[in-house]
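Inspection log for the structure reproduced underneath, given as structure tokens.
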Amino acid sequence: MAVVETRGLTKRFNDHTAVDGVDLTSHEGEFLVLLGPSGCGKTTLLRMIAGLEEPTSGEVYIGGELMNDLPPRARKIAMVFQSYALYPHMTVARNIAFPLRAARVDVATQAEKVRWAAELLDITRHLERRPRHLSGGERQRVALARALVREPDVFLLDEPLSNLDAKLRTLARDELLDFQRRVGITTIYVTHDQVEAMGMGDRIAVMDHGVIRQLGDPREVYDDPADTFVATFIGSPPMNLVDRGDHLVGFRPETFHPANAGDEVFSFDVHRVEYLGSDRFLYGVVNGIEEPTKVISRIPVSLDVDVKAGQHNFGVPPALLRFFDKTTGKRTPGP
Amino acid sequence: MIEAPSAVGVTRRRRASDNDRFLAVAGLAPAVVYIIALVGIPFVLAILLAFSDVTVGDPSLDFVGLTSLRQVVADPVFWQSLRNTFVFTIIANLLVVVLATALAMALARNFKGKWVVRFLILLPWTTPVSLAAITWLWTLDSIFSPIDWVLRELGLIESNMIYLGKPVLAMGSVIAVHTWRVVPLAAVIVLAGLVALPSDIEDAAAVDGARFWRKIFEIDIPLMAPIIAVAVLFGVILTVTDMTVVYVLTRGGPTNATQVLASWAFFRGIEGGDLAQGAGTALFLLPVLVAIAALILRMASRREVS
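Chains V and L supply the protein sequences, listed in that same order. Using my numbering, the first residue of the first sequence is number 1, and each one after it goes up by one. Using my numbering, the first residue of the second sequence is number 336, and each one after it goes up by one.
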């Protein structure tokens with residue numbers, strides 16, 4: 001177990017800055033998620049921590065030790081790749097044993113550790129098979145087993161669930177989290193999927209254009225986004241932002257309901273109602289100060305109101321309104 | 336409804352280029368004609384000649400059964416050529432595989448002037464083989480060889496080596512020149528396979544702690560096995576069927592020490608004028624080549640599944 005820390009970590013490819021001076025410190029044993037759209041630099045950041053990419057400037061510390069000049073094998077990390085990167089010409093057992101062979105561990109210990117990891121991940125019956133004969137979920141578990149036998153201080157996971165189909169992904173998410181809790185190893189997890197990030201992360205670092213926009217637990221980044229990027233990137237549908245002249249006011253679709261007493265009231269022109277089983281999405285526009293703004297309201301089916309297309313008075317409890325600076329996009333305490 | 340602007344210039348006629356069957360025939364025809372004219376007909380002719388007694392002096396095609404082939408195998412030089420062909424092919428291709436793989440790995444790295452180096456390495460392949468062989472003939476000359484001059488100046492030898500005049504050195508020279516010629520092509524083939532290796536697997540090996548040699552022997556080479564097999568297939572066929580290097584450097588000498596089947600067939604059939612025996616000798620290449628090709632193709636297809 002160890003703490004991962006980056007200081008002013010920067011990576012430039014020619015004239016493109018992929019990661020721009022990132023300072024990030026993990027907690028011991030935590031599940032830290034790097035979340036952002038594709039091309040935001042999250043994978044590059046992870047690869048610099050792994051030692052697969054050389055930083056243009058800045059430092060990487062693992063367990064308090066400077067790692068910059070150490071090759072990946074000396075960093076006490078293990079990595080799981082999006083494609084799992086299993087060695088196709090080796091059996092599962094040889095795949096799992098590979099890091100041990102590379103470390104010249106004696107054969108008896110190798111066999112013992114392979115069995116231990118295989119049992120932990122429930123893949124013992126596949127040990128003599130080749131990766132190509134396994135399903136996506138099984139391959140993922142082999143990749144985890146191979147990462148585990150090295151007894152790393154840090155797990156680095158690069159979108160390990162994105163190659164699984166939707167149904168399997170939910171299950172694998174649960175398994176992965178359960179596994180991480182049991183081994184208690186500091187884990188840095190890269191994903192572009194906010195549902196994964198919200199569901200799995202102890203903390204989430206939301207990244208965009210090579211910088212961390214916000215670092216916080218799932219509730220913080222959802223309820224108190226640091227800026228308009230985080231506000232609109234997290235949440236599905238995203239936070240509504242309405243122009244109020246010198247500032248923007250934001251509110252989540254699920255807080256935007258037919259007006260009650262004490263609510264901040266908006267005149268909501270509903271254009272279309274989408275029925276999604278558990279929820280209804282109402283699409284329409286509200287009039288701010290400037291142009292009419294497209295907003296969405298999300299009403300659970302259990303809330304017994306009947307809204308049709310047309311003009312309505314909708315409102316948000318004032319405590320749930322969030323305010324942002326119009327030019328910088330940064331959160332402000334009030335209007 | 337908003338009317339979409341009407342599409343312009345839609346031809347309703349079917350063109351020849353829309354017809355897959357026509358395209359297939361048109362596309363394949365040149366290759367088929369080429370193969371029939373330059374491979375098929377000579378091949379059939381070779382079989383016919385081998386079972387006849389045709390010579391340059393008596394070009395009438397009389398069927399004599401196995402007589403010519405019996406004469407071919409009765410000649411000890413034929414057996415020596417066969418043995419030499421194997422020695423030549425096996426040693427040259429072992430060298431080609433090792434050197435080409437090493438070269439490909441060096442070229443896959445990023446370094447300044449990579450394109451210049453790649454170009455220089457491909458040069459031997461682009462030089463006409465006869466010209467290249469003649470250059471080597473001078474380089475290996477018994478009196479004026481620059482290699483000997485360097486070795487003499489360094490004090491490593493006292494008198495000239497006479498590379499092409501001694502049986503073992505002559506075979507070594509032929510193998511070296513041929514290896515020099517085939518390595519660029521093989522290296523380019525292996526390089527193509529190398530750059531196509533999934534980068535995730537390379538990264539995984541680095542994280543898993545594999546150092547240089549382990550990565551090469553446990554990861555890279557097994558993953559490249561199919562492509563290396565292709566390089567070997569080309570190399571073997573180029574070696575077994577080649578006679579230019581032998582012909583220019585040694586003419587099969589000294590005392591047939593470098594005689595290979597291809598050159599022996601040429602000396603017998605063309606220079607010696609016995610077309611039937613020349614064709615018969617050349618036919619012995621066929622089962623060797625078919626066997627090698629089948630073996631390597633099977634290896635490649637088995638690897639492909641992974």
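Ideal placement from N, C-alpha and C gives every residue a C-beta, glycine not left out.
* Asked: In chain V, what lies closer than 7 Å to leucine 529 (chain L) by C-beta?
  -> The premise fails here: leucine 529 (chain L) is roughly 16 Å from chain V at the closest Cβ pair, so nothing lies under 7 Å.
TODO: Could you round the C-beta distance between alanine 172 (chain V) and leucine 34 (chain V) to whole angstroms and report it? I think they count as a contact, below 8 Å.
DONE: Contact between alanine 172 (chain V) and leucine 34 (chain V) is absent: CB atoms are separated by about 19 Å, not below the 8 Å threshold.
| Is lysine 330 (chain V) helix, strand or coil when you go by DSSP? | Of the three classes helix, strand and coil, the one that applies to lysine 330 (chain V) here is strand, per DSSP.
Query raised in the report: Which one of L:Leu404, L:Val567, L:Phe446 and L:Val512 has the shortest CA to CA distance from valine 583 (chain L)?
Result: The residue with the shortest Cα to Cα distance from valine 583 (chain L) is L:Val512.
Item to complete: Report all residues from its chain with a CB closer than 7 Å to the CB of arginine 603 (chain L); omit the five preceding and five following residues, and keep chain order.
Response: Exclusion of the five residues before and after arginine 603 (chain L) leaves Asp609, Gln612, Gly613 and Thr616 as the residues of its chain whose Cβ lies within less than 7 Å of its Cβ.
ask   = Do the segment 158-174 of chain V and the segment 125-138 of chain V meet, that is, are 3 or more Cβ pairs less than 8 Å apart?
value = The answer is yes - the segment 125-138 of chain V touches the segment 158-174 of chain V, with three or more Cβ pairs under 8 Å.
Checklist entry - How far does the alpha helix (DSSP H) with phenylalanine 229 (chain V) in it reach, from first residue to last? => result It spans 228-233 - the alpha helix (DSSP H) in which phenylalanine 229 (chain V) sits, taken as one unbroken run.
Next item on the list: Below 7 Å CB to CB, which residues in the same chain sit around threonine 44 (chain V) once its five sequence neighbours on both sides are set aside?
Entry: In chain order, Lys11, Ala18, Val19 and Glu53 place their CB closer than 7 Å to the CB of threonine 44 (chain V), counting only its own chain and leaving out the 5 sequence neighbours on each side.
Exercise for the section: Would you kindly report the start and end of the unbroken alpha helix (DSSP H) that includes valine 433 (chain L)? Expected result: Per DSSP, valine 433 (chain L) belongs to the alpha helix (DSSP H) from 411-443.
**Message:** Please identify, using Cβ separations under 9 Å, the residues of the segment 41-54 of chain V that lie next to chain L, in order along the chain.
**Reply:** The residues in question are Arg47, Ala50, Gly51 and Leu52.
Proline 346 (chain V) to isoleucine 77 (chain V) span [Cα, whole Å]
For chain V, the structure presents residues 1 to 335; residue 346 (chain V) sits outside this window and is missing.
Notebook entry, point to check: Three-state secondary structure (DSSP) at serine 387 (chain L)?
Noted result: Here serine 387 (chain L) carries a strand assignment [DSSP, helix/strand/coil].
Fill in: Min CB distance aspartate 535 (chain L) to chain V below 8 Å
Yes, contact with chain V.
_I want to know whether the segment 561-570 of chain L touches the segment 619-636 of chain L - three or more CB-CB distances under 8 Å._
Enough Cβ pairs lie closer than 8 Å, so yes.
Query raised in the report: Between which two residues does the beta strand (DSSP E) containing threonine 4 (chain V) stretch?
Result: Checking the displayed sequence, the identity of residue 4 (chain V) turns out to be valine instead of threonine. For valine 4 (chain V), the enclosing beta strand (DSSP E) has its first and last residue at 4-13.
Exercise. Would isoleucine 376 (chain L) be called buried (16 or more neighbouring beta carbons within 10 Å of its own) or exposed?
Worked result: Exposed is the call here.
Subject >> Neighbouring residues, chain L, relative to tyrosine 87 (chain V) (Cβ below 7 Å) >> reply: Contact of tyrosine 87 (chain V) with chain L by beta-carbon distance below 7 Å involves Ile536 and Ile554.
_Determine, for valine 542 (chain L), whether the minimum Cβ-Cβ distance to residues of chain V falls below 8 Å._
Yes - at least one Cβ of chain V is within 8 Å of the one on valine 542 (chain L).
- Examine chain V for any beta-carbon lying closer than 8 Å to the beta-carbon of leucine 532 (chain L), and answer yes or no. No, leucine 532 (chain L) lies away from the interface with chain V (no Cβ there is under 8 Å from its Cβ).
query = How is glycine 615 (chain L) classed by DSSP in three states: helix, strand or coil?
reply = Secondary structure at glycine 615 (chain L): helix, using DSSP grouped into helix, strand and coil.
Item to complete: Tell me whether glycine 277 (chain V) is buried or exposed, calling it buried when 16 or more other Cβ atoms sit within 10 Å of its Cβ.
Response: Exposed, because fewer than 16 other Cβ atoms sit within 10 Å of the Cβ of glycine 277 (chain V).
Can you check whether the C-beta of proline 502 (chain L) is within less than 8 Å of a C-beta belonging to chain A?
You won't find chain A in this structure, because its protein chains are V and L.
Helix, strand or coil for tyrosine 87 (chain V)? Go by DSSP, reduced to three states. Tyrosine 87 (chain V) carries a coil assignment under DSSP once its states are collapsed to helix, strand and coil.
#### Entry: isoleucine 456 (chain L) to leucine 438 (chain L) span [Cα, whole Å]
Whole-angstrom Cα-Cα distance: 9 Å.
List, in order along the chain, the chain V residues whose C-beta lies closer than 8 Å to that of proline 561 (chain L)?
Those within 8 Å of proline 561 (chain L) in chain V number zero; the least Cβ separation is about 11 Å.
Check your understanding: Do you know offhand how far tyrosine 189 (chain V)'s Cα is from alanine 143 (chain V)'s?
Key -> For tyrosine 189 (chain V) and alanine 143 (chain V), the distance between alpha carbons rounds to 15 Å.
I need the straight-line Cα distance from arginine 453 (chain L) to leucine 442 (chain L), nearest angstrom please. A direct Cα-to-Cα measurement between arginine 453 (chain L) and leucine 442 (chain L) gives close to 7 Å.
* For lysine 308 (chain V) and aspartate 263 (chain V), the rounded distance between their alpha carbons -> Distance between the alpha carbons of aspartate 263 (chain V) and lysine 308 (chain V) is about 21 Å.
Check your understanding: Just how far apart, CA to CA, sit lysine 550 (chain L) and leucine 161 (chain V)?
Key -> For lysine 550 (chain L) and leucine 161 (chain V), the distance between alpha carbons rounds to 27 Å.
Subject >> valine 367 (chain L) versus phenylalanine 601 (chain L) - alpha carbon distance >> reply: Distance between the alpha carbons of valine 367 (chain L) and phenylalanine 601 (chain L): 27 Å.
Quick one: what does DSSP say asparagine 354 (chain L) is sitting in, helix, strand or coil?
DSSP, read as helix, strand or coil, puts asparagine 354 (chain L) in coil.
Exposure of aspartate 15 (chain V), with buried meaning 16 or more beta-carbon neighbours within 10 Å = By the neighbour-count definition (other C-beta atoms within 10 Å, threshold 16), aspartate 15 (chain V) is an exposed residue.
Measuring alpha carbon to alpha carbon, tell me which of L:Val623, L:Met440, L:Leu396 and L:Val580 ends up nearest glycine 528 (chain L).
Ranking the options by Cα distance to glycine 528 (chain L), first place goes to L:Met440.
query = So is arginine 420 (chain V) buried or exposed if we call it buried at 16+ other beta carbons inside 10 Å?
reply = Shown here, chain V extends from 1 to 335; a query on residue 420 (chain V) therefore has no answer.
**Q.** For glutamate 30 (chain V) and aspartate 208 (chain V), believed in contact at Cβ under 8 Å, the rounded distance
**A.** The C-beta distance from aspartate 208 (chain V) to glutamate 30 (chain V) rounds to 22 Å, too long to fall under 8 Å, and the pair is not in contact.
How would you label asparagine 419 (chain L), buried or exposed, when you count the other beta carbons within 10 angstroms and need 16 or more for buried? By the neighbour-count rule (16 or more Cβ atoms within 10 Å), asparagine 419 (chain L) is buried.
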